[in-house]
Each structure stands twice: as structure tokens, then as C-alpha cells.
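Trainee:
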Amino acid sequence: MENLLPIIFSTSFAYSVLRVTTPILFASLAAIISDKAGVINIGLEGIMLFAALMGVISSAFTQSVLIGVLCAVATGVLLSLVLAYFSLNLKSDIILTGIALNLFSSGGTVFLLFLAAQDKGISVSLQSKVVPEISIPLINSIPVLGEILSGHNILTYVSLLCVFLIHLFLYKTPLGLRIRAVGETPNAADSVGISVRRIQYMALMISGALAGLGGAYMSMGYVSWFSRDMTAGRGFIALAAEAMGRGTPLGTFLAAIIFGFADALSNVMQSLRVPAEFVQMIPYVTTILGLVIYSIKQNNKIKKYRRNQV
Amino acid sequence: MGNEILLMKNITKVYPNGIVANKDVNFSVNEGEIHALMGENGAGKSTLMKMLFGLETPEEGEIFINGKAIKIDSPTTAIKNGIGMVHQHFMLVPSLTIAENMVLGIEPRKNGFIDFKKAVAITEEISKKYNLIVDPEAKIEDLPVGMKQKVEILKALLRGAEILILDEPTAVLTPQETKELFEELVTLKEKGHTIIFISHKLKEIKEICDRITILRGGRSVGVHHVKDVTQEEISRLMVGRDVVLKIDKTPAKPKEIVLKVKEVNHIDVMGKNILNKISFFVREGEIVGIAGVEGNGQRELIELITGLDQYDEGSIVICDKEIRDLTIKQIRDLGISHISEDRMTYGVAEFASIEENIISDRFDNKDLNNKGLLKIRKIQSLVKQLIDDYKVKCDNGQQPVKMLSGGNIQKVVVAREFSSSPKIIIANQPTRGIDVGAIEFIYEKLIQLRDEGVGVLLISSDLNEVMELSDRLLVMYGGEVVASFEDSTKVTEEELGMYMLGIKKQVFEEKRRVENE
Amino acid sequence: GCSTKAPEVSTEGEEEPLKIAVLLNGNLGDKSFFDSANEGAKEIQSKFGAITKVIEMGPDQMKWEPTLADVSEEDWDIIISGTWQMQEYLEKIAPEYPEKKYILFDAAVDYSSGNFGNIYSINYKQNEGSFLAGALAAKITTSDMELANPEKMIGFVGGMDIPVINDFLVGYIQGAQYVDPEIKIAISYIGDFFDSAKGKEMALAQYNQKVDLVFPVASQAGLGALDAAKSEKKYAIGVDSDQAMIFKGSDNEKAELILSSVLKRVDQSLVRAIELEIEGKLPWGTAEALGLNEESIGLAKNEYYDKNIPQELRDLVEEISAKIISGEIKVDTAIGMDTNKLDEIRNSVKP
Amino acid sequence: MSNKKIETQFEIIRTFVAILMAMTLALLIILLVSKQPVDALTSFLTGPFSSIRRFGNVIEMTIPFVFSGLAVCVMFQAKQFNMIGEGAFYVGGVAASFIAVKFLLPAGIHPFAAILFGGVVGGLVGLLPGFLKVKWNANELVSSLMLNYVCLYLGLYMMKSTIRDPNAGMIGSYVFPETAMLKKILAGTRIHSGLFIAILFIALTYLFMYRTKWGYALRMTGLNESFAKYSGINTKRVIIYSQVIGGLIAGIGGATEILGMYQRFQWSALPGYGFDGIIIAILARNNPIFVPIAAFFLAYLRVGADIMARMTDVPSEVISAIQAIIIVLIAAKRFLAKWQHKRIIKNSQEKLAVKEG
Ligand SMILES: Nc1ncnc2c1ncn2[C@@H]1O[C@H](COP(=O)(O)OP(=O)(O)OP(=O)(O)O)[C@@H](O)[C@H]1O
Ligand SMILES: Nc1ncnc2c1ncn2[C@@H]1O[C@H](COP(=O)(O)OP(=O)(O)OP(=O)(O)O)[C@@H](O)[C@H]1O
Ligand SMILES: [Mg+2]
Ligand SMILES: [Mg+2]
């Protein structure tokens, strides 16, 4: 234990929390948007994966980071359109469609990777680009905070910015209002001439774009290549974070950070020689505990209100 | 009276499940009139209006507005053509404010963001113009129904509705609110709007409508000037036979107390005092009515009595048993039956069959299952009997309840609750939104059960109903019983209204005398 | 079933090419184990003119046995498959097709338990290779090499806590202790073999704990650890194939930091087996353990190795290597080792 | 003809057209990537029937699918969006292996005890999300998704610390004794007596759902929880037992699979049957009766695809893409809906005309 504390309170640990959180944050923001419009996006995992691949391929062929990221985003949007078409137009069950999308991506990416890089596992033979890390002028000179907050990948900052932007978008813009209305009471939206399906399409597209950014971060920031199934369940964890954060951008941000913290913790805990399985469990147990504690609190609040009044 | 503003010609609508909801209907409305649309449950009124508003598309027929044929394929087109609709079930987003609901879809913008100030201003402006006062910044979920109704009307007006469709707007309103609504409708009419008004309440039709179109079985069976027809004639046209809504009952012969509520308090999640030391009782063989504006604690009171929620203070005794720690099942086993006001939430599982809906309170009984195995044949014959007894219009017991019309769904609920050999029936808005034929039937059944010695607690916002049906009458206001009348026939509607709005309150002695005899 | 083979009429010179099927119970693209087998297949094809087909069976165990049976019924001379998991299926199916020949790599069938005259097994002494890696790493961490720090700390990132991986680990630990009994080793397991981002995190966490060299043994996930070396400007040792050369050209900066790799030459061992078979010298019905001596295991000595590693260290490696081959140094194996013993070894280097 | 009949008829036509379209799409993809498209398609479609072993493979795969599909059916019918099938299947396998290795029991009783224990442990795992939901209203989707990983790691740890074979080169338990394993029932295949257990469970689940009072309470709770509560059904209990039963069935599935198909426990990752179960349950419209059909269908797809990848040059990855397309198209409800609507209108109007005429 005495080894652990200095590690947790080190700046590099705090720094790593942000780094680990980034892809989950993107995906959980993506989950918020689609959820608010009343469409569950189980396909986030697959969308991220595909976007990660397309980012690598396009940046390798154009030698442009920007085009790479844009392609990743475009891939996210395109796949979510497919999801939307099947679930909204053809009325396939949305969960099933999401699962199918994941299945599709998991195979499709490897196949494409093989076409592009003659490799079925990893894209190292492609000279793909990486989104650079930047240090932020003023912040980087603050002693401790600077080390934690500065020097991250640009996409990490984008993800933090997105928390704020999504909040504004959902609660202050017309489209955001419509998305919330559609998700909560589609009939009401319909009755004032809002096309429910169109709004859900748009929500899914935005959701896809965010997941695309998450994918781009995985392969063009976190690491510098694409590898088979590299998202490794982060899309599902994002769904958990979104539920834990009760669908609000800020709450979800917190939940994602908690998960990131637990994950980072499990990475440093291993040196303590606790059985590896227990350490690997930490992030998931934390999420369950977080969810339970949140739910208990919510419950107690209700009870307390009553008791105080009686 | 103006010229024909709307004509729906030879409209036929078949739902995907094959139900022919409208067949060759012709429907014509003149400018500036209030036109009533009447018919039994399932006659096709809502369907006809949904087509006018673009929520459904007709298989055949044409719609003319001001003589011009138009194709209405979505609410947007309808709104563009000056049609507004206030739906039978509210179309509001509960978590949003009034102003946000008002501008939904036509949001005022500033730099790409919603201009919330402007939204509030717009709401205030139109609310002043039509004298429908609302608080723009209140959240919908906190509003009483009357207020929601106003918001719905304003919403339609804001979108420039010339023709306003109101689908059963009064079903959930108090007399005062209804009166207010009617005044508002008259103002609208004076301002040149045309109103299509759907209601099951003949009195209301007589009061404000100019003409009436009657539907039966999906077809139009005639258009009349309201002043030319009597209520009885309308009923006959709708149902195809004479309806007697006059309640014929002998004086009650009450016996033992079956329900006793004593000093019960209840506080909601937000910490608001919903019930305030409320006390009363119900005896075998009597109908006790509770009148009151909705939202004065009636719903919560019933939730406590039926075990849907738990009370902290006071006591509720059913058949000599305190129910504080009992489960709903145990309470039901004491002999309580409950017709919920919200039939789609509590009354039925809409995707389940009629059979499944009817056995929900008794599937656990020995005669319907054998060590856990359901006795299918027994259940089928039981349900068949009930369908016959309660005249539920359906193909068979396996039909999902969702396929039935509102009135028939209510009959399913009533059939279940009345046939469980109850000692006490809690009937909350038992006739809401159902047609006269069905109402008549439910009244008869209620009185019959009373005469067999069942205690009935009747809660209704329909004053006529509580006054006619009850033997004793209580009035609830602000979570308290503010008045109690030994003989409900001796009260006037006006007097009741005063108590319901909290203007008058009986002194405690007077109340106790009645309560603790 | 057992069919008797018709006597073959083979004309001199116009010999039928060998038909060889390689069944991989995983996917290609791992840049180590399965890819190496694939390389072997390619080389066999070009070198001996054999017809080869590589079949990826994927990670789903359900499919392995029927595929093996299916392929056994087809027209192949030799069927090659690897890993311990395939061993049991092979033990079951090979006796049913006595006219077929099977090569099992990275595991051995239990010859005492049945009639496996048509199976040849190859085991690898990866512990010998990683012994060298451990010794090298322990020297480097306190050396005056540019990126080394004074702390005696090195790292190991394993894919999963399983015998094959731990075999690497045990060799690594013993090698490090051989040159410096005081050495501390940070040990982490990723939990799978494909999450390269997690692999990177694990390595980063170790580098942040004053480790200056990480030895990742985690297939595809281990590539993340090499990435971590690059972003932290610390050293790494690759595994299975010569990983510095994979990055040479596309990422020279990273290649520079991969000081060496513990080679597990599956390809070479397969080629060797086929060569022996063609010469008629392959010992069917036995298992061979290939190690440093057979050059199936070794340290990669590429240009970066020569450039970055000081001469005296390179000499030391050669010296230890010779001692292992001669049997002077005995390296323990984690295969068959009980958990307590393993824990004891791991705890002896706990930081 | 009644409208209902039209609907049924249409359902069949729609499924066929969907399969046809999916196959066309598959063919297009195959044409794109393969030099031997005809062989590829033939081996995909007829491969599973080309030998008894291959057909056996389909049935072998159908067995675990049936269990995971049934498990999901039960939970989904109660509107519990619980993904624990995956984890429960896994721990069921671990638990059964434990009994198989640690106890020496007579042949008939041994697998029975192992499978029972697998079911119990699976049920306990299912209990957890249910309990959290009822007690504190914690979202079961989230808790179960996370719990799956906990199941994996905890199961792995338990296995390693109790029944691990140190001589095995991978993580694996000791070899099961003969007495514990499920017997093969068809020579030349690996089809094992777990098939009977699967069939038994289809019947049991169906009876449970539609013929018992507990199944009734479960369905009503799923259809409308408020209604069920109001009717006096103890919905909390229902929510819990639906998930326990779901976990139990999945656990039994895991146990059956391990004892039927393997000689020792060696899953070092979640086997993925949980998600397959969701696919199957949705294709089967949550009705246990349709589960075997959906399970067989999916197994057939998988095995056919596999054979195609092995026999031809179509890479195995393309196949998961093709599977995805087929699944989604078959699940598409609105596919051809317009055409159906027209038929129904015509039919209804004709009937009306007859009645009046
Ligand atoms: N969406 C729908 N799908 C199928 N059938 C429907 C649908 N909506 C209504 N129906 C059926 O169409 C018929 C007419 O229904 P409609 O809603 O128009 O009746 P209504 O006159 O409004 O009755 P109520 O007085 O009960 O509101 C009924 O038989 C009803 O069951
Ligand atoms: N999708 C549907 N399929 C079958 N029947 C439907 C469907 N939707 C609605 N209905 C039936 O159509 C009827 C009409 O629906 P609507 O919403 O107009 O009000 P209602 O339930 O009839 O109203 P009320 O109970 O107040 O009379 C419903 O009672 C319902 O039984
Ligand atoms: Mg209606
Ligand atoms: Mg050092």
C-alpha cells in the first residue's frame, strides 16, 4: 500500500487518468445524444472500431492528420446512417441492429485492413499520422496542475470541450430541444410538425461523429496504429458511463473520469502482486459500486425529504 | 354563419390491423362555427381528426380547405393550412417549460441558440391576446390538467390555427375549468376561429355548439343544428337506441364500516404536503362520493388506500385491519377493488389479451391454478362469461386489449374489478371518456353492487356524476376534507363549487359529526 | 476411418509436391506467434516447392476440433498446428488418420498415453531466450546508457497470467537475478492479447515507476508497450519476432528503442522440420525441445543491437548463452510449475 | 381470408424475401472478394449438409444457442434488459468444471450435479443485477454489462486457484473424469446428450412462461409493471426471479456446453454466447417456442460461413459482415410493409362489401 499512494498522488497518474478517459468520454457523449433522442446506440463499439481504421488508412494515404480525423468522423456518421436506416426505416430492432453493426465492424475492419496493409492484425506497415500533443501556454507553467492538464493529445482537449459543447447543444439550441422532445415524448414532437424520424437520424449522425472522434483517438493518438478489435469493449463501458451519469453531459463526464481513474489505478496496482484477475476487475467493480452508490443516494434523498417533513 | 371552410369527402380509413375506422365519411364545417363531433367509443372520431391533422393518412377520399383540395400528409402541412389540434391525450413534453413547449419546432433564435427570453415573450403575448393566462416558465409536469389544456390550445393558436380541433377536452376538467374553457372557446369563435369539438357530454354540446355531426360505426349518420335536436335524440342517433341517464336508485341501507381513514398525512418527494390529516369512512351498502378539483390529493389518497404507496402517519383500516404494512395483494385479499383513473397505466396491460387482463387479480386463486399451473379452460370460460355479462365488444378473449376502443377497455377493467366479489370498490373516474351507453351500464352495475352490500368510494371530477350517484358526499380541497354532506341530493352545484375551490370550508365540529357517528 | 493406401507409383524426378496444411487456432496479424508460423509456411512453399494452405480457425474453440477432422479427411500430406490447446484434439484425431502426418508446435502430445507415431512435436525453450533478455535488461538498467536511470528496476508486461507467458517471465527473472540479485521487476498482465491501448497503459505505468526497460510478452497487445517506450523515451525488448525490424522504416524512432527481441522462431523450426522430413530424418513419434542450441530461440542481434548495446554487455550475453547451451546454467520453466513456487519467484523481485 | 392469416402469410413471404435479398448481397460481396464465387456460395449454403460431421457441428452449436436464447427470452419478457447471460454462461461452465474435477460421483449423477451447480451459480450471478435494481433502482443493463467482466475474472481466478492443471500449457482445469462428461449420442459427430437437456428446457421455459402463474406474473410485469403492481403482483419479486431464472438457464447452458464439448475447462475469455442469445431472442420474438429455430438458423449461418472460409478463398472476416446483413434484414419489420397494408385494406373492404351486399 505504501507504494501505491505516492503513485496515485503523482501528476503522471492524474495525467494518465485523462488519457484513459478520452475514448470513453467521446463514446459516452455519443451515447447521450442518441439516448436523448430515444434511440439506443449499442453499435458504438463497432462505429469506433471502423472509424479508428479509416482514420489510419486515410491519414496514411493522404499524409494529413486532419483528413484522417475527418475521415474517421465521416465513417462514424456513415455507419450511424446505416444503423438509422435499418432501425428507423426498416424497423429492425435497434439493439439487434447495433449488435449486428458491431459484428459487421469487427470482421469488416480486418478485411479492409488486409486490403490496405496486407496484414490482418495491425496497421504498422502503413505510415499513418498521429494527432499531436500540445502543451497549453498558460496552464503548463502552473506547477502541479500544468503537468496534469497540459501536454495532452489535441483530441483529449476536444473531448473535454465536447462535454461543454454537448451541454450547450442539448439545452440551448433548437435542435437540442427537439432531440430532447423527440426522445421524451415523440407524439408531442410529431404533433407540432417535427419529424421524429428526421431528428432521430440527426441525433444518430451526431452520435456517430462523436464515436468517430473516439475511434480516431484510439488509432491516431492513444496508439499510432489500428489493430484488430482494438476498442476492446470501450463502447460498452461508455454506455455504462452514460447510464451512471444519468444522461447529462456533466454527470457522464464525471462517470467517465471515475472509470478512467479506476482503470488507471488497475494499471499501476499490478506491481503490488495482487492476483492479476482482481486488479483487472477494479474498473468494473468501481463502475458497479458507483452506480449503486449513486442509486442509493438518489433513493435516500427521496426518503429524507419525507422524513424531514413529517 | 360563414361558408364552408372545411370539407372531408368520402373518407375511408383502414388501420394496418384491418379495422375499418372510417367508411365514406363526409364531414363539413362552416367558418366561425363550433361544430360538434359525436359518437360512441370507437365510432371513428379521433381517427377522422387525426387524418385532418396529418397523423394518419386516409385510404380514400379528399380534404378541401376553403374549397381547395389539399393533401395533408403530416402535421406540418396541417399546421400550414391553419389546422390546430388539441389531442385527447396531451401532446406536451413534461420536462420542458410551457414556453419551451409553445415554441417547439418554431423556436426563436439568436446566434443559432434558442432565444429563451423571446420564447417567454411570445408565450405571454399570445396568452394575453386570447386571455388564456399561463406561467411561461412553469414546467409542464407540475401543471394541473386544466392548465395543460390551455397550453395545448395556445400551442395551436400560436401556430396560426384557424380551425381548432378539440378531442374530448372536457373529459378531465372540473366544472369550473370547463366553464372557463367554454368562455375561452366563445371568445375564439368571436375572433373568427372555427372549432371542432369532440365530447361525450351532451349537455356541453347543447351549451356551446352550433351544429353536430354524428358518427356511428365509422360512418356519418347525420348533421344537425344543435338547437333542433334534443339530448335524447342525439343519444339515440349515436347509440341506436334510447339511453336513460337518469339514475334510479333507492335510498342506501348502510351497515358496518368497511373503510376507515383516520388522520392520514402524506408528503410527496418534493416535500409538499399532499394529504393533511384526512379522515372519513365508508360503510357497506353505500356510495360515498368525493368531489373536488383534480390535484387536491385524491390520487394520493387512493394510492395509500390501495397500497400503491405507503403512509407514514395516521391509520387506514379496511374490514378491521390496519393496512400499513400490507402488500397490495394482501389489501386486495381484504376485499378491495380499484378502478384506476389512469386505465392505460394501471388498468390494463395493453399488449396482453383480454383474458390475461381479467385474471390479473385472481390468477393466484386456487380455482384458477393448480399448484402454479394455470387452469386454462377454467380461465377461458370465466372470461367468456364476463365478456358477455359486461358486453365488451371484441372478437374473443385472446384479442389484445390494445385493439379495443377506449370504452371497451374500461369495460374490461370494470369487469375485473366488479367480479372479484369485493367488499369495497374504489372507483376513480370510472366513466372518464366513455360513451353514454357504457356509462349507463357502469352506473347500473355500481348501484346493483351497492344494493348487494358493497361499499363504494367514488371519486369523480364530473359533478353531475358524483351528485347523482353518491349517497353521501365529501369535498376535498388542499388535501383535506373540507365539506361533508349526509344527503347529496340536498346540495346545489354552486355550493359544491365554492367548497371545491376552497372559498368555503365547513367547521370542524360539523365535519366530525358526520364522520364519527 | 483407416484406409489402406494403394502403393504409390511415383516416377523419378517428377515427384508430387508435398501438400501441407497449417491450422492456426487464432488469427493472423499478431506480429508474433501465428504470423511466424505463416512465414514458415511461405518459406516452405518457396524453398521446397510444397503446396501450403494456411487456415485461420479464429479464437472460437468450438471450431477447432471439427476443422482438424475436416482437414484430416482432405488430401494433405502433413498437417501442422500449434499450441497446447490443439494438442488434445490432435491426440484424439491423429490416431484415426494414421496415413496422415501431423506436426505440433509449441506443445507436445503425451507419447506415453497413446500411439502417436504420426505426430512430431516441437517445444520451445523460450525461458532460455528470456533469460538472456533478463540478464541484458538488468545490466542496462544501471548502465550509463543514455536513457537508463540509476534505479535497479525493469519491467515485464504479460498478456495473461498463463504458463507460456510465465515461462518467459521465469527466464527473465532468473536471468536478471543472475547478473544482479538485487534487481526489482515490475510485473503486469494485460488480461488479453489484443488490447494494445491497455498494453500501452501498463507499460506507461511501469515507466512512471522508474522502470527504464520493459519486456512485453503479449502478442498484439504488447505492441502498445513498445509505443509507450517511444512516448516515454525508454527502452524495450521485443518478443517472438525481431520487432525492431518491423518498425524500421515506418517508425525509426521506436525501432531505435527496441534494444533486442527474444526470438521464438516458429517459422525456422517448421522449415527445419520439413527439411528433415524431406531428408527422411524427421523423428516422427517424438517431441523435440528447441532452444538456443537449435537457434529456434535467441536474442535478435540487429543493427540497433550492435549500435546501442555496449560491447561488454554483448560479450556477457554471448557468455551466458554459451553457458546455457552447455548446461552450466539451468533455467527453470513455468510449465508444470505450481502456483506457489511461481509466486515465490515473482515475489523475490517485487519492487 | 382473415387479416390475421394475411399477416402470417406475409410474415413467411417477408422472411423469404429477406433471406433472398441477404443472399444476393452476400453473393455480391463474395463476387467482389473471391475468384471462386460459385464454390464459395455452394459451400456456404450446402456445406453444413455435406457431411454428417458438419451437420453435427450445426447441432452442436445450436445447443448453447438455445440456452442463451432462452435465458434472454425470460429476462426480456420481464422487460429486464439484463446482459448477464454472457457472465452466467461463463460461471456456469466454471462451476460445473469444479464439480466435475473435485468430486467423484457415479456416471449418471455426476453431470447432473455439475450442471445443477452450474445453474445455481449462474442464477446467483443473475440475482445480483436484479437485486441491485429492486433495492436501489440501479440500472440492470449497466450493472450486468460490468458484472460480465467481473464474472470472467472472478471465474478465472476461482478456476485457477482450485482446479487448475499446472501441467497444461494454457490456463486450463484438470481433465474431467469420464463420469462427468456428457455422452456423445451420434457417432461421427460431437452431438451430446446436452441436446436433450436443451429440448427439455425449451419445453420447460415455454410451460413456465405461458402455463404457470409465475410465468404469467412475469409477462404481465414485463408488459406493464404498473398494472402488475396494481393488480397485486409482487413485481419486485418477479423482477428478481426473472433474472435469477435467466442466469440459471444461462448457467446450465454453460455447464452443459463445457461437459458436452470439452474435456477440461479452458475459456480464458468470455465465450460470447450472451450477445448471441440476444440475437436469438430477438429473432424468436422472445418466444421460447421459436428459440430453437432461431438458434438453428444462426448456427447454420455460422457453420456454413466457416466452411466457406475454409474451403475457398473468401476470408473469414467477410463472413461476419454477411452474417450481420442477414440478421438485420430478417429482423426488419417494415420490410415490404406497404405491400402488406394494401393487401389488408383490400381484404377489409371486400369483407365490408360482402357484409353489406
Ligand atoms: N392506431 C390504430 N390502429 C388500429 N386500430 C385503431 C387505431 N386507432 C384506432 N383504431 C380503431 O379504429 C376505430 C375507431 O377509433 P377512434 O379512435 O377513431 O374512435 P373514437 O371515435 O375516437 O372513440 P373514443 O370515443 O373511444 O375516443 C376503433 O375501433 C379503434 O379500435
Ligand atoms: N396501434 C393500435 N392498434 C390497435 N388499436 C389501437 C391502436 N392505437 C389505438 N388503438 C385503439 O384506438 C382507440 C382510439 O384511440 P384514441 O387514442 O383516439 O382514444 P381512445 O382510447 O379511444 O379514447 P377514450 O378512451 O378517451 O375514449 C383506442 O381506444 C385503442 O383501443
Ligand atoms: Mg377518441
Ligand atoms: Mg534503472
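Protein chains in written order, with this note's numbering: chain Y, 3 to 312; chain R, 1255 to 1771; chain D, 9 to 359; chain B, 215 to 571. Idealized CB from N, CA, C, for every residue including glycine. The structure displayed is predicted, hence computed values, not measured ones.
1. Is T1746(R) helix, strand or coil by DSSP?
2. Answer yes or no: do T1581(R) and G446(B) have a C-beta to C-beta separation smaller than 9 Å?
3. Using the C-alpha atoms, what's the distance from D85(D) back to P15(D)?
4. P277(Y) versus chain B: which residues are under 7 Å apart at the beta carbon?
5. In its own chain, which residues sit with a C-beta less than 7 Å from the C-beta of T19(D), not counting the 5 before and 5 after it?
6. Decide yes or no for the touch test of the region 246-257 of chain Y against the region 123-140 of chain Y: beta carbon pairs closer than 8 Å, at least 3 of them.
7. Does any CB atom of chain Y fall closer than 9 Å to the CB of K1402(R)?
8. Can you tell me where the alpha helix (DSSP H) holding P224(D) begins and where it ends?
9. How many Å lie between S14(Y) and S137(Y) at the Cα?
10. Report the residue from S358(B), H406(B), I233(B) and I493(B) whose alpha carbon sits nearest the alpha carbon of V458(B).
11. On a CA-only basis, which of I466(B), A464(B), N438(B) and G467(B) is nearest I453(B)? Give me that one, please.
12. Can you find the residues in the same chain that come closer than 6 Å, C-beta to C-beta, to G57(D), ignoring five residues on each side of it along the sequence?
13. M207(Y) CB to nearest chain D CB: under 9 Å?
14. At the level of alpha carbons, what is the spacing between V1750(R) and G344(B)?
15. What would DSSP say about H154(Y), mapped onto helix, strand or coil?
16. Mind checking E1740(R): buried by the 16 CB within 10 Å criterion, or exposed?
17. So what's M1356(R) in DSSP terms, helix, strand or just coil?
18. Suppose the cutoff is 7 Å on Cβ atoms and the five residues either side in sequence are ignored; what does the same chain contact list for C10(D) look like?
19. Does DSSP classify V231(B) as helix, strand or coil?
20. Is it true that the region 107-115 of chain D meets the region 552-559 of chain B, where meeting means three or more beta-carbon pairs spaced less than 8 Å apart?
21. Cα separation between I59(D) and K238(D)?
22. With H, G and I counted as helix, E and B as strand and the rest as coil, what does DSSP make of M1262(R)?
23. Might you give, ordered along the chain, the residues of its own chain that have their beta carbon closer than 6 Å to the beta carbon of G1637(R), omitting 5 neighbours on each side?
24. Go through the region 1515-1560 of chain R residue by residue and report every complete run of the alpha helix (DSSP H) that reaches 4 residues or more, in order.
25. Please report the residue range of the alpha helix (DSSP H) in which Y487(B) lies.
26. Take F42(D) and list the residues in its own chain whose beta-carbon comes closer than 6 Å to its own, dropping the five residues that flank it on each side.
27. Taking the C-alpha atoms as reference points, what is the distance between I1259(R) and H169(Y)?
28. Which residues of chain Y have a Cβ atom closer than 7 Å to the Cβ of I453(B), listed in chain order?
29. DSSP three-state call for V1729(R): helix, strand or coil?
30. Give the range of the beta strand (DSSP E) segment to which E1734(R) is assigned.
31. Is there a Cβ from chain B that is less than 9 Å from the Cβ of V41(Y)?
32. Can the beta-carbon of G167(D) be found less than 9 Å from the beta-carbon of A229(D)?
33. Specify, as a first and last residue, the run of the alpha helix (DSSP H) that N316(D) falls within.
34. Are the CB atoms of Q480(B) and Q93(D) within a distance shorter than 9 Å?
35. DSSP puts I191(D) in a beta bridge; with which residues?
36. Taking C-beta pairs closer than 9 Å, name the residues in chain R that D192(Y) reaches, listed in chain order.
Mentor: Taking the structure as given:
1. On the second sequence, residue 1746(R) is found 492 positions in, with the first residue counted as 1. Coil.
2. As a position in the second sequence, residue 1581(R) is number 327, starting the count at 1. As a position in the fourth sequence, residue 446(B) is number 232, starting the count at 1. It is a contact, given that the beta carbons lie within the stated cut-off.
3. Counting from one through the third sequence, the residue named residue 15(D) turns up at place 7. Counting from one through the third sequence, the residue named residue 85(D) turns up at place 77. Residue placement at P15(D) is poorly supported in this model, since its pLDDT is 41, which falls under 50; the coordinates still yield a value, given next. Their Cα atoms are separated by approximately 15 Å.
4. Counting from 1 along the first sequence, the entry for residue 277(Y) is found at position 275. Near P277(Y) (Cβ distances below 7 Å), the residues of chain B are Y371.
5. The residue given as residue 19(D) occupies position 11 in the third sequence. Annotation note: pLDDT 45 at T19(D) (below 50); position unreliable, coordinate value reported separately. None.
6. no
7. Counting from one through the second sequence, the residue named residue 1402(R) turns up at place 148. False, the Cβ-Cβ gap to chain Y never drops below 9 Å.
8. What you label residue 224(D) is simply residue 216 of the third sequence in a count that begins at 1. Where P224(D) is concerned, there is no enclosing alpha helix (DSSP H), although the beta strand (DSSP E) it sits in stretches over L221 to V225.
9. One-based indexing of the first sequence puts residue 14(Y) at position 12. One-based indexing of the first sequence puts residue 137(Y) at position 135. Each residue's alpha carbon lies about 15 Å from the other.
10. Translated into positions along the fourth sequence, residue 458(B) becomes position 244. Looking at the Cα atoms, S358(B) is the closest of the given residues.
11. Locating residue 453(B) in the fourth sequence gives position 239, counting from the first residue. The residue with the shortest Cα to Cα distance from I453(B) is N438(B).
12. Position 49 of the third sequence, counted from the first residue, corresponds to residue 57(D). Excluding positions up to five away in sequence, the list reads P25.
13. For the purposes of this step, residue 207(Y) is taken as the residue at position 205 of the first sequence. No, because no Cβ of chain D sits closer than 9 Å to the Cβ of M207(Y).
14. Here residue 1750(R) refers to the residue found at position 496 when the second sequence is read from its first residue. Here residue 344(B) refers to the residue found at position 130 when the fourth sequence is read from its first residue. Contrary to the premise, residue 1750(R) reads as Leu rather than Val in this sequence. Near 49 Å, if we compare the C-alpha coordinates of G344(B) and L1750(R).
15. In the first sequence, counting from the first residue as 1, residue 154(Y) sits at position 152. Residue state, collapsed to three classes: coil.
16. Looking up residue 1740(R) in the second sequence gives position 486. E1740(R) is exposed by the Cβ-count criterion.
17. Here residue 1356(R) is taken as the residue at index 102 of the second sequence, counted from 1. Reduced to three states, the DSSP call for M1356(R) is helix.
18. Numbered from 1 along the third sequence, position 2 holds the residue referred to as residue 10(D). Per-residue confidence for C10(D) stands at a pLDDT of 38, beneath the threshold of 50, marking its modelled position as unreliable; no derived number is given.
19. The count along the fourth sequence starts at 1 and reaches residue 231(B) at position 17. Helix, per DSSP.
20. no
21. If you number the third sequence from 1, residue 59(D) lands on position 51. If you number the third sequence from 1, residue 238(D) lands on position 230. If you take the alpha carbons of I59(D) and K238(D), they lie about 41 Å apart.
22. What you label residue 1262(R) is simply residue 8 of the second sequence in a count that begins at 1. Three-state DSSP puts M1262(R) in a strand.
23. For the purposes of this step, residue 1637(R) is taken as residue 383 along the second sequence, with counting starting at 1. Reading off the sequence shown, one finds Val at residue 1637(R), where the question assumed Gly. Excluding positions up to five away in sequence, the list reads E1609, I1612 and G1651.
24. 1552-1560
25. Taking the first residue of the fourth sequence as 1, we reach residue 487(B) at position 273. Residues Y487 to L497.
26. Here residue 42(D) refers to the residue found at position 34 of the third sequence. Excluding sequence neighbours, F42(D) sits near L32, G34 and L36.
27. Reading the second sequence from its first residue, position 5 is the one you call residue 1259(R). Reading the first sequence from its first residue, position 167 is the one you call residue 169(Y). Going by the C-alpha atoms only, they are around 46 Å apart.
28. Here residue 453(B) refers to the residue found at position 239 when the fourth sequence is read from its first residue. None at all; the shortest Cβ gap to chain Y is about 14 Å.
29. If you number the second sequence from 1, residue 1729(R) lands on position 475. If DSSP states are grouped into helix, strand and coil, V1729(R) belongs with the strands.
30. In the second sequence, counting from the first residue as 1, residue 1734(R) sits at position 480. Segment E1734 to F1739, the beta strand (DSSP E) holding E1734(R).
31. Position 39 of the first sequence, counted from the first residue, corresponds to residue 41(Y). For V41(Y), the answer is no, since every Cβ of chain B falls outside 9 Å of its Cβ.
32. By one-based count along the third sequence, residue 167(D) stands at place 159. By one-based count along the third sequence, residue 229(D) stands at place 221. Cβ atoms of G167(D) and A229(D): closer than 9 Å.
33. Numbered from its first residue, the third sequence carries residue 316(D) at position 308. E311 to N316 is the extent of the alpha helix (DSSP H) around N316(D).
34. Working through the third sequence from its first residue, we reach residue 93(D) at position 85. Working through the fourth sequence from its first residue, we reach residue 480(B) at position 266. Cβ distance < 9 Å, so Q93(D) and Q480(B) count as in contact.
35. Your numbering for residue 191(D) matches position 183 in the third sequence. According to DSSP, which records beta bridges pairwise, I191(D) is partnered with nothing at all.
36. If you number the first sequence from 1, residue 192(Y) lands on position 190. Near D192(Y) (Cβ distances below 9 Å), the residues of chain R are L1309, S1328, P1329 and M1345.
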